[in-house]
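Residues in the sequence shown are numbered from 2 upward in steps of one, following UniProt numbering.
The C-beta atom is built at its ideal place from N, Cα and C for all residues, glycine as well.
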Amino acid sequence: TQDFAARVGRVEPSATLAISNKAAELEAQGVDVVDLSVGEPDFDTPENIKDAAKEALDAGHTGYTPTSGIPELKSAIAEKLHDDGLTQYDEDNLMVTPGGKQALYEIFQTLIDDGDEVVLLDPAWVSYEAMVKLADGSLKRVDTAAHDFQLAGALDDLAETVSDDTELLVVNSPGNPHGAVYTDEALEGVRDLAVEHDFQVISDEIYKEITYDGREATSLGTLDGMEDRTITLNGFSKAYSMTGWRLGYFAGPEELIDEAGKVHGHSVSCAVNFVQHAGVEAIRNTESEVEEMVEAFDERRTFLKDLFEERGVHVPDPQGAFYMMPEVAPDGDDDAWCEEAIEEAHVATVPGHAFGTPGYARISYANSKERLEEAVERLDDVGLL
Ligand code: PLP
Numbered sequence: 002t003q004d005f006a007a008r009v010g011r012v013e014p015s016a017t018l019a020i021s022n023k024a025a026e027l028e029a030q031g032v033d034v035v036d037l038s039v040g041e042p043d044f045d046t047p048e049n050i051k052d053a054a055k056e057a058l059d060a061g062h063t064g065y066t067p068t069s070g071i072p073e074l075k076s077a078i079a080e081k082l083h084d085d086g087l088t089q090y091d092e093d094n095l096m097v098t099p100g101g102k103q104a105l106y107e108i109f110q111t112l113i114d115d116g117d118e119v120v121l122l123d124p125a126w127v128s129y130e131a132m133v134k135l136a137d138g139s140l141k142r143v144d145t146a147a148h149d150f151q152l153a154g155a156l157d158d159l160a161e162t163v164s165d166d167t168e169l170l171v172v173n174s175p176g177n178p179h180g181a182v183y184t185d186e187a188l189e190g191v192r193d194l195a196v197e198h199d200f201q202v203i204s205d206e207i208y209k210e211i212t213y214d215g216r217e218a219t220s221l222g223t224l225d226g227m228e229d230r231t232i233t234l235n236g237f238s239k240a241y242s243m244t245g246w247r248l249g250y251f252a253g254p255e256e257l258i259d260e261a262g263k264v265h266g267h268s269v270s271c272a273v274n275f276v277q278h279a280g281v282e283a284i285r286n287t288e289s290e291v292e293e294m295v296e297a298f299d300e301r302r303t304f305l306k307d308l309f310e311e312r313g314v315h316v317p318d319p320q321g322a323f324y325m326m327p328e329v330a331p332d333g334d335d336d337a338w339c340e341e342a343i344e345e346a347h348v349a350t351v352p353g354h355a356f357g358t359p360g361y362a363r364i365s366y367a368n369s370k371e372r373l374e375e376a377v378e379r380l381d382d383v384g385l386l
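Below you can see the structure in the form of C-alpha cells.
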C-alpha cells in the first residue's frame, strides 16, 4: 500500500458527510428521507446577490484578485465589523477566503504546530478537531452539556483546563451544533482567562446574524483586552444562504494576516473574483432578506422544539443558528438512536458524540414545517421519542 502522510492518518472523514451519504443512498433506492442532518439554509441565494455576480462576470471580473481580497469587499467588511463594534480591524487586518472553512484552516496552519495546545468547547463543530490535527496540534476539550450548552456554567471547568501552555481557544457563538448564544458574562470569563494565560481566541461568528428572541451575539473582540487577542471569523454561507459560493474571511492582527497570507497565497491564491463582487452586494444590500430568513427559522425553531418537548424530550434552548440538540438518548447511545432514526424512520440526524457530546442528536431545522412535523411523527411512530 501507498505510504500516506501521517497528517491524513490523524483525521476521520466528516461525520456529517457520512450521514448525508447514507441519506442519499436511501433516496437513490426511492426511499423518502427527511434529511435534518445538513448544515445549510434551505433558501436560495437572494436575487440581488446573484445579479451582482452576473454583472461582475459581464464586466470581466474573472481574473485573479489581490491575495487578501478586492478593496471594495474589504472596505465593506471593515464597515460591517466597525458597525458590530470591532473598530480595531481595518482593511489591513482582513483576509478574504474561499469560505469560512478555509479561513479556519489558514489560522490553524499559521498558529499551530508541534503539539501546540488548542482548547475546544464541546459540543464543537467537527472540523475544528480535524484542522487542529492536520496542523499537528494537541486538543483539550471542555464539555458544556451539563449546563445546557451555556459556557457561563462551564467557566470553572474552562479555568481548570487552560494553562500557560494553551495557545488557542475556539469560541463559536451562536454555535454549531449547540445553537447556544454565549452571555456577556461568559465571554468576560473567557477574556479574563485569555489575559491571565496569554492565549489567543478564535471567535467563529459565522452564525452571528442568526439569533432569536431579540438576543444579539456579542463579538468577543469588542471586549476590553480582547482587541488584539481575538481572531474574528465570518462567512457568507449561512447569513446570506451562499454555501456553494465559497466566501468567508477572518480579521486579526496585521502580523497574523501577513503570515497567513503565505498559506493563502501558496494554496488558493485568492477567493473567486466575481464571487467577491457579489459579496459586496450581500453585505451592503441584503438586510431585509436576511431578516426574512431568520424569521422563517425562528418559526420552525419554536414549532420543532414544542414537538419534542410535548413528547418529553429535553431540548436545551436553541438561541441562534439553525440547529437544536434534543437529548434523545439520555443513556448515552446516540449512535444507536441516529442509526435507528435513519434506518427505521428515514429521518437523518447527526449523533452528538460526533461533536463530543453523547446522548444528544443534532437536528437542523433548515427545513419546512411540514417536513419537520413529518420527521417527529415518524420518530414517534417507531418508538424513538
Ligand atoms: N464554522 C462553523 C461553526 C460552521 O458550522 C461552518 C459550516 O458548516 C463553517 C465555519 C464554515 O462554513 P463555510 O466554509 O461554508 O463558510
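By Cβ distance below 6 angstroms, which residues in the same chain neighbour residue i in space, the five residues on each side in sequence not counted?
i      : result
ARG11  : LYS134
ALA330 : TRP338, GLY360
GLU293 : none
ASP185 : THR219
GLY154 : HIS148
Count the other C-beta atoms from every protein chain shown that fall within 10 angstroms of the C-beta of residue i, then say buried if there are 16 or more, exposed otherwise.
i         : result
HIS278    : buried
LYS55     : exposed
PRO67     : exposed
GLU210    : buried
ASP332    : exposed
ALA146    : buried
PRO14     : exposed
GLN3      : exposed
residue 1 : Lying before the first or after the last residue shown, residue 1 is absent from the chain, which here runs from 2 to 386.
GLY138    : buried
PRO42     : buried
ALA347    : Strictly speaking, residue 347 in this sequence is His, with Ala absent from that position. By the 10 Å Cβ count, HIS347 comes out buried.
THR63     : exposed
TYR129    : buried
ASN173    : buried
ALA29     : exposed
GLU310    : exposed
SER238    : buried
GLY70     : buried
ALA25     : exposed
GLU344    : exposed
VAL182    : buried
VAL32     : exposed
GLY280    : buried
GLY215    : exposed
Contact defined as beta carbons within less than 8 angstroms: I believe residue i pairs with residue j. What is the distance between those atoms, to the nearest angstrom?
i      : j      : result
ASP149 : PHE356 : No, ASP149 and PHE356 are not in contact; Cβ-Cβ is about 15 angstroms, not under 8 angstroms.
GLY353 : ASP335 : 5 angstroms
LEU194 : LEU159 : 6 angstroms
PHE44  : SER242 : 4 angstroms
LEU248 : PRO72  : Wrong, their Cβ atoms sit about 16 angstroms apart, outside the cutoff.
VAL226 : VAL202 : The question names Val, yet the displayed sequence has Gly at residue 226. Rounded, the Cβ-Cβ distance is 11 angstroms, inconsistent with contact.
LEU156 : GLY190 : 4 angstroms
GLY101 : ILE258 : Not quite, the Cβ-Cβ distance comes to about 16 angstroms (not below 8 angstroms), so this is no contact.
TRP246 : VAL276 : 5 angstroms
ILE113 : LEU169 : 7 angstroms
Apart from the five residues just before and just after residue i, which ones in its own chain have a Cβ nearer than 7 angstroms to its Cβ?
i      : result
ASP381 : ARG312
MET132 : LEU105, TYR106, PHE109
THR162 : VAL120, LYS141, VAL143
ARG372 : VAL35
SER270 : TYR65, THR68
ALA342 : VAL348, THR350, LEU380, LEU385
LEU188 : THR219, LEU221, LEU224
TYR213 : ASP299, ARG302, GLN320, GLY321
ALA136 : PHE109, GLN110, ILE113, ASP114
SER76  : GLU92
THR167 : GLU118, VAL120, HIS198, PHE200
Answer yes or no: does any C-beta atom of chain C fall closer than 7 angstroms to that of residue i?
i      : result
LYS102 : Absent from the structure: chain C. Only one protein chain is present.
Just to confirm my understanding: we take residue i, look at its own chain, exclude 5 residues before and 5 after, and list those with CB closer than 8 angstroms. What are they?
i      : result
THR223 : ASP85, GLY86, LEU87
VAL377 : LEU305, LEU308, PHE309, ARG312, LEU386
THR127 : Note that residue 127 is Val in the sequence shown here, rather than Thr. Cβ within range, chain order: SER15, ALA16, THR17, ALA355, PHE356.
SER21  : ASP36, SER38, VAL39, ALA349
HIS267 : none
ASP199 : ASP165
GLY61  : none
GLN89  : GLY222, GLU228, ASP229
**OP:** Considering only heavy atoms of the ligand PLP, list every residue whose Cβ is less than 6 angstroms from one of them, following chain order.
**Re:** So the residues near the ligand PLP by this Cβ test are GLY40, GLY100, GLY101, LYS102, TRP126, ASN173, ASN177, ASP205, ILE207, GLY236, SER238, THR244, GLY249.
Original post:
Are the stretch 364-379 and the stretch 32-46 in contact at 8 angstroms, needing three or more beta carbon pairs?
Top reply: Yes, the stretch 364-379 touches the stretch 32-46.
**OP:** Would you check if the stretch 253-270 and the stretch 43-61 touch, i.e. whether three or more CB-CB distances between them fall below 8 angstroms?
**Re:** The stretch 43-61 is not in contact with the stretch 253-270.
Original post:
Is there contact here, the stretch 228-235 with the stretch 273-291, by at least three beta-carbon pairs under 8 angstroms?
Top reply: Contact between the stretch 228-235 and the stretch 273-291 is absent, because fewer than three Cβ pairs lie under 8 angstroms.
Original post:
So, do the stretch 322-329 and the stretch 174-181 have three or more beta carbon pairs nearer to each other than 8 angstroms?
Top reply: These segments touch.
Subject >> Given 8 angstroms, three or more beta-carbon pairs between the stretch 90-97 and the stretch 294-301 >> reply: Of all C-beta pairs linking the stretch 90-97 to the stretch 294-301, fewer than three are shorter than 8 angstroms, placing the two stretches out of contact.
Original post:
For the 8 angstroms Cβ check, are there 3 or more pairs between the stretch 2-9 and the stretch 300-320?
Top reply: In short, these stretches do not touch, since the Cβ pair count stays below three.
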